[in-house]
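Let me begin by presenting the structure, written as structure tokens, before commenting on it.
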Amino acid sequence: MNTEDRFVITGLAGAQTLKGTIHIHGAKNAALKAMAASVLFNGPVTLNNVPHTEDIHTMARVLRKLGADVSWKNEAKKEQSILEIDTRSIHSTDIDPTLAGSMRASVVLTGPLLARFGKVSFPAPGGCVIGARPIDLFIDGYKKMGATVKLDAKNSIYRISAPKGLVGTDMFFNKVSVGGTETLMMAATMVKGTTTLKNCAMEPEIVNVAEWLISCGAKIEGIGTSTIVIHGANKKLLTPRTEYTTIPDRITTGSFLILGALCAQKLIIQDCNPHHVESVINLLKGSGSRITVSDTSITISNTTERARRTSFNLTTHEYPGFPTDLQPIIATYLTQTQGESVVFETIFEGRFKYVEDLTRLGADMHVLNSREILIKGKTPFVARDTEADNELCAHDIRAGFAVVLAALMAKGDSVVKNVHLIDRGYEQLEETLAGLGADIKRANK
74 MNTEDRFVIT GLAGAQTLKG TIHIHGAKNA ALKAMAASVL FNGPVTLNNV
124 PHTEDIHTMA RVLRKLGADV SWKNEAKKEQ SILEIDTRSI HSTDIDPTLA
174 GSMRASVVLT GPLLARFGKV SFPAPGGCVI GARPIDLFID GYKKMGATVK
224 LDAKNSIYRI SAPKGLVGTD MFFNKVSVGG TETLMMAATM VKGTTTLKNC
274 AMEPEIVNVA EWLISCGAKI EGIGTSTIVI HGANKKLLTP RTEYTTIPDR
324 ITTGSFLILG ALCAQKLIIQ DCNPHHVESV INLLKGSGSR ITVSDTSITI
374 SNTTERARRT SFNLTTHEYP GFPTDLQPII ATYLTQTQGE SVVFETIFEG
424 RFKYVEDLTR LGADMHVLNS REILIKGKTP FVARDTEADN ELCAHDIRAG
474 FAVVLAALMA KGDSVVKNVH LIDRGYEQLE ETLAGLGADI KRANK
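Letter by letter, the sequence shown follows residues 74 to 518 of the working numbering.
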């Protein structure tokens, strides 16, 4: 990872000339949790369709620091995307603070480690700065399972122990939490007794990992619903009977679907699951985009005049609602529709940092409060003339994609810095876009 990397983009000046086919990689938010779940197994596991994103490589480094064997099969052929993990050699339960500080998903390792080894230490989680992400749900869950939690305030390290093992419990999530649902579900597979989790998240990534765990001996009921019941195995590890295959990344699918609606003549998105992005498809269709869907592909054809795009209001919501991760990208789309739109963010209150960059290109956007923005369209985007002014910033993974999208639409040249954040969620984005006809290059400062 090079934090000095940047994208140099020559915009399309509003033209819809990109065309081609892209293949969607595996969902990093599912693969990361499967990597964490490998701790629950009594032997090596094989994970298929794992994306080569920076978050995946960071999680691999975290596991290796703990002592696990992590290796890519046929690493020279990245299209294979097969990851093999053997956690039998783990000799530490102290999650590396530096690595964990760069990736929020590291916290999901705490559940499997605590359940298997009876102890774990970890720092206050890091990752994208997109608002408060309290870990109270995790801490409360571990306490209800019988663990003792201590905070080393000086070093911001949590130390959790359950030397006699965890026990089953009932827990109601006061706030729907993807990470909380996944982490406590994984921990509960090894506790003594039954655990019932209520008001659970229902994301496809949770279902994907849970189905694999079930195929390997875990007793989990209600996946994909708001109530999950886990019958613990009382410290008995799972057996790797089947290999895990990561589902297609729905956020990447949605990202390119929106990009196609704005910049493409015709874009075919393959190896995806259209059912997972129905909220995006419905909004774009209602706004004027021509979209056709098959079982594993989506085609967007722009034969409609761009001036006919209609605006809409949007509220983010847990799955199956419109995902918060696509909010910056759909907001970019709304700058090119006719009329006013209001976007209300219900999940994270810090996701509007990209607004400043888009307004510098010409967007008419106003942050009303920490949860709400007003967008007036449509507005042409024009890059700043001077080299000192044409630099844009990727504030997080998805805001970074939104800024790249805006730069692609603009007239003139733009530079996007902090692209290492984009690399956390998208595989070689510049190569994918260049393959569609975009003028984009990665450069080092």
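A virtual CB, placed ideally from N, CA and C, is assigned to each residue, including glycine.
- Assignment of V416 by DSSP, reduced to helix, strand and coil, places it in the strand class.
- In the DSSP assignment, F80 falls within the beta strand (DSSP E) that extends over 78 to 83.
- Inter-segment contact for the region 116 to 136 and the region 317 to 327 is present: three or more beta-carbon pairs are separated by less than 8 Å.
- The region 176 to 252 is shown to contain whole beta strand (DSSP E) runs of 3 or more residues at 192 to 196, 221 to 225, 230 to 234, 243 to 245, in chain order.
- At a Cβ-Cβ threshold of 8 Å, M259 and L239 do not count as neighbours.
- Sequence-distant Cβ neighbours of A283 in its own chain, meaning closer than 7 Å and more than five residues away, are M258, I293, I296.
- Around the C-beta of H439, fewer than 16 other C-beta atoms lie within 10 Å, and the residue is accordingly described as exposed.
- In the three-state reduction of the DSSP assignment, A86 falls in the coil class, being assigned neither a helical nor a strand state.
- Beta-bridge annotation (DSSP): R515 is paired with F80.
- For the pair H349 and F211, the Cα-to-Cα distance works out to about 27 Å.
- Only residues of its own chain outside the window of five on either side were considered, and among them S111, I158, P313 have a CB closer than 6 Å to the CB of V118, listed in chain order.
- Secondary structure remark: continuous alpha helix (DSSP H) runs of at least 4 residues inside the region 306 to 387, in chain order: 323 to 336, 351 to 360.
- Between A404 and I446, the CB-CB gap stays under 8 Å.
- Around the beta-carbon of E504, fewer than 16 other beta-carbon atoms lie within 10 Å, marking it exposed.
- Membership of D486 in the beta strand (DSSP E) is indicated by the continuous run 486 to 490.
- The criterion of a C-beta distance shorter than 8 Å is not satisfied by T262 and G241.
- By the beta-carbon neighbour count (other beta carbons within 10 angstroms, threshold 16), F329 is buried.
- The three-state secondary structure of G99, taken from DSSP, is strand.
- Under DSSP, N121 takes part in a beta bridge, and its partners are T318.
- The criterion of a C-beta distance shorter than 8 Å is not satisfied by S299 and N281.
- Between T365 and Q343, the C-beta gap is not smaller than 8 Å, which leaves the two residues out of contact.
- T408 and K451 do touch by the CB rule: their CB atoms are close to 7 Å apart, below 8 Å.
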